[in-house]
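Protein sequences, first through last, are from chains Y and D.
Here this note's numbering is used: the first residue of the first sequence is 15, the next is one more, and so on.
Here this note's numbering is used: the first residue of the second sequence is 851, the next is one more, and so on.
These notes concern the structure reproduced below.
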Amino acid sequence: MNDAEIIEKGKALLGDKLLEASNPAVRRIFLKVDSKDLLKAVEVLKNDLGFAYLATISGLDIGENFEIIYHFGKPSSQLNLRTQVPKSNPHVDSICAVVPGAILYERELQDMFGLVVDHIPDSRRLVLPDDWPAGNYPLRKDWKFERPLEKIPGGKS
Amino acid sequence: MLEKVVRWSRKKSPWILHLNSGACNACDIEIVAALTPRFDVERLGVLLKATPRHADVIISTGPVTRQIKDRIIRIYEQTPNPKFVIAVGACAMSGCVYRGAYNIMGGLDQVIPVNIYVPGCPARPDAILDGVVKLLGTL
Numbered sequence: 015m016n017d018a019e020i021i022e023k024g025k026a027l028l029g030d031k032l033l034e035a036s037n038p039a040v041r042r043i044f045l046k047v048d049s050k051d052l053l054k055a056v057e058v059l060k061n062d063l064g065f066a067y068l069a070t071i072s073g074l075d076i077g078e079n080f081e082i083i084y085h086f087g088k089p090s091s092q093l094n095l096r097t098q099v100p101k102s103n104p105h106v107d108s109i110c111a112v113v114p115g116a117i118l119y120e121r122e123l124q125d126m127f128g129l130v131v132d133h134i135p136d137s138r139r140l141v142l143p144d145d146w147p148a149g150n151y152p153l154r155k156d157w158k159f160e161r162p163l164e165k166i167p168g169g170k171s
Numbered sequence: 851m852l853e854k855v856v857r858w859s860r861k862k863s864p865w866i867l868h869l870n871s872g873a874c875n876a877c878d879i880e881i882v883a884a885l886t887p888r889f890d891v892e893r894l895g896v897l898l899k900a901t902p903r904h905a906d907v908i909i910s911t912g913p914v915t916r917q918i919k920d921r922i923i924r925i926y927e928q929t930p931n932p933k934f935v936i937a938v939g940a941c942a943m944s945g946c947v948y949r950g951a952y953n954i955m956g957g958l959d960q961v962i963p964v965n966i967y968v969p970g971c972p973a974r975p976d977a978i979l980d981g982v983v984k985l986l987g988t989l
């Protein structure tokens with residue numbers, strides 16, 4: 015299946031759930047869906063289009079919204095599934111029901127962006143330290159880190 | 851007289867503990883290289899110990915992450931007196947490129963007192979050895 019065929023098949027299977035489809039370079043496909051259709055879209059990608067391998071999930075802070083990109087791959091092409099959730103109500107569905115390995119990336123999303131992943135099997139903290147204060151999300155653009163004052167042993171000379 | 855004997859024995863057998871507080875492993879490999887027969891540190895009485903309770907000298911590498919801060923303090927407290935700390939590598943000295951990151955406390959001296967700093971990224975085995983010898987010279 016080449017890129018155009020994958021996009022055609024995706025359009026046929028997802029119908030009006032597919033908001034955007036683009037193919038900016040050879041073997042790079044971008045699809046965009048609404049966050050409530052995410053699970054259905056991932057199911058279609060895995061079962062019908064053969065994208066069984068989830069490389070990673072990346073999160074972006076783009077002002078009003080968070081954009082979440084699911085990077086899927088198979089030997090013949092790379093597919094990036096994009097979805098957006100509003101910052102005021104950052105809820106996204108877990109895709110662990112379809113891709114069980116996604117749990118690590120989803121836990122990291124929760125840590126770093128403060129997104130709430132609904133129906134996640136295990137929502138413990140993953141990457142941040144144990145004594146990290148709640149409500150601080152390092153990858154949000156409006157988060158500022160205040161560096162503690164450094165001790166200089168023996169004083170400044 | 852007794853003091854003299856104690857100081858002599860301390861100088862002749864500094865048992866070390868190798869501690870990684872968040873390093874990239876480059877300095878650790880150099881420390882392990884310094885323990886090989888090529889550099890023959892046992893002529894100075896240096897022995898690698900697996901537990902802080904048997905060690906006199908803590909050789910630490912890497913910037914101190916927020917997660918390991920409390921553990922490092924605990925390891926330092928477990929080491930019997932007199933204890934000495936050698937910070938190996940640029941990261942353990944100041945935090946280096948990780949300095950100012952949200953999960954990094956900075957260099958090792960932000961958490962526990964440090965006796966000797968060994969610069970380098972990573973520090974050469976000879977430099978690490980030199981650091982140990984300089985520490986022994988201060989005793």
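From the three backbone atoms N, C-alpha and C, an ideal C-beta is built for every residue, glycine too.
A quick note: this is a predicted structure, and the numbers were derived from the prediction, not measured.
Residues that residue 75 of chain Y contacts on chain D, provided the C-beta gap is smaller than 8 Å: Translated into the one-based positions of the first sequence, residue 75 of chain Y becomes position 61. Those do not exist, as residue 75 of chain Y stays about 15 Å from chain D at its closest Cβ, beyond 8 Å.
Residue 973 of chain D, DSSP secondary structure in three states: On the second sequence, position 123 is the one that residue 973 of chain D refers to. Reduced to three states, the DSSP call for residue 973 of chain D is coil.
CB contact below 8 Å: residue 60 of chain Y versus chain D: Numbered from its first residue, the first sequence carries residue 60 of chain Y at position 46. Cβ-Cβ to chain D under 8 Å: no for residue 60 of chain Y.
Pairwise C-alpha distance: residue 99 of chain Y and residue 20 of chain Y: For the purposes of this step, residue 20 of chain Y is taken as residue 6 along the first sequence, with counting starting at 1. For the purposes of this step, residue 99 of chain Y is taken as residue 85 along the first sequence, with counting starting at 1. So the alpha carbons of these two residues sit roughly 26 Å apart.
In chain order, each beta strand (DSSP E) run of at least 3 residues that lies wholly inside the stretch 878-910 of chain D: Those beta strand (DSSP E) runs which fall completely within the stretch 878-910 of chain D and span 3+ residues are 897-899.
Cβ pair residue 891 of chain D, residue 884 of chain D closer than 8 Å: Residue 891 of chain D sits at position 41 when you count from the first residue of the second sequence. Residue 884 of chain D sits at position 34 when you count from the first residue of the second sequence. Going by beta carbons, residue 891 of chain D and residue 884 of chain D fall inside the 8 Å limit.
Minimum C-alpha distance to residue 957 of chain D - residue among D/934, D/913 and D/917: Walking along the second sequence from the start, residue 957 of chain D turns up at place 107. Per the Cα distances, D/913.
Partner residues on chain D for residue 12 of chain Y, Cβ-Cβ distance less than 9 Å: Chain Y is shown from 15 up to 171; residue 12 of chain Y falls before or after that span and cannot be answered.
The stretch 75-82 of chain Y / the stretch 94-113 of chain Y touching (three or more Cβ pairs under 8 Å): Yes, the stretch 75-82 of chain Y is in contact with the stretch 94-113 of chain Y.
Cβ contact (3+ pairs, closer than 8 Å) linking the stretch 851-866 of chain D and the stretch 126-142 of chain Y: Counting Cβ pairs under 8 Å, fewer than three are found: no touch.
Chain-ordered neighbours of residue 164 of chain Y on chain D, where CB pairs are closer than 7 Å: The residue labelled residue 164 of chain Y in the question sits at position 150 within the first sequence. Against chain D, the beta carbon of residue 164 of chain Y has neighbours under 7 Å at 956 and 960, listed in chain order.
Closer than 8 Å at the beta carbon, the chain Y residues around residue 964 of chain D: As a position in the second sequence, residue 964 of chain D is number 114, starting the count at 1. Result: 167.
Minimum Cβ-Cβ distance from residue 928 of chain D to chain Y less than 8 Å: Within the second sequence, residue 928 of chain D is the residue found at index 78, counting from 1. Chain Y, which has no Cβ nearer than 8 Å to the Cβ of residue 928 of chain D, makes this no.
Residue 920 of chain D burial status per 10 Å Cβ neighbour count (16 or more: buried): Locating residue 920 of chain D in the second sequence gives position 70, counting from the first residue. Exposed, since its Cβ has fewer than 16 Cβ neighbours within 10 Å.
Three-state secondary structure (DSSP) of residue 917 of chain D: Translated into positions along the second sequence, residue 917 of chain D becomes position 67. In this structure, residue 917 of chain D counts as coil in the three-state DSSP scheme.
Delimiting residues of the alpha helix (DSSP H) encompassing residue 126 of chain Y: Residue 126 of chain Y sits at position 112 when you count from the first residue of the first sequence. Run containing residue 126 of chain Y: 117-127, per the alpha helix (DSSP H) assignment.
Spatial distance of residue 121 of chain Y from residue 959 of chain D (CA atoms): Taking the first residue of the first sequence as position 1, residue 121 of chain Y is located at position 107. Taking the first residue of the second sequence as position 1, residue 959 of chain D is located at position 109. When rounded, the distance between both Cα atoms is 33 Å.
Contact between the stretch 886-906 of chain D and the stretch 161-168 of chain Y (3+ Cβ pairs under 8 Å): Taking one beta carbon from each stretch, the stretch 886-906 of chain D and the stretch 161-168 of chain Y have fewer than 3 pairs nearer than 8 Å; the two do not touch.
Short CB-CB distance (under 8 Å) between residue 144 of chain Y and chain D: By 1-based counting over the first sequence, the position of residue 144 of chain Y is 130. By this cut-off, residue 144 of chain Y is an interface position.
Contact under 8 Å by Cβ, residue 962 of chain D with residue 984 of chain D: Position 112 of the second sequence holds residue 962 of chain D. Position 134 of the second sequence holds residue 984 of chain D. No, the Cβ-Cβ distance between residue 962 of chain D and residue 984 of chain D is not below 8 Å.
Cα-Cα separation, residue 923 of chain D to residue 869 of chain D: Within the second sequence, the letter at position 73 stands for residue 923 of chain D. Within the second sequence, the letter at position 19 stands for residue 869 of chain D. Between residue 923 of chain D and residue 869 of chain D, the C-alpha separation is close to 12 Å.
Under 7 Å from the C-beta of residue 147 of chain Y: neighbouring residues of chain D: Taking the first sequence and counting its residues from 1, one reaches residue 147 of chain Y at position 133. Against residue 147 of chain Y, chain D offers no close residue; the least beta-carbon distance is about 11 Å (beta-carbon pairs closer than 7 Å).
Between the CA atoms of residue 916 of chain D and residue 110 of chain Y - distance to the nearest angstrom: Position 96 of the first sequence, counted from the start, is the residue given in the question as residue 110 of chain Y. Position 66 of the second sequence, counted from the start, is the residue given in the question as residue 916 of chain D. In a straight line, the C-alpha of residue 110 of chain Y is about 30 Å away from that of residue 916 of chain D.
Cβ of residue 104 of chain Y within 8 Å of any chain D Cβ: Within the first sequence, numbered from 1, the residue matching residue 104 of chain Y stands at position 90. So no, residue 104 of chain Y is outside the interface.
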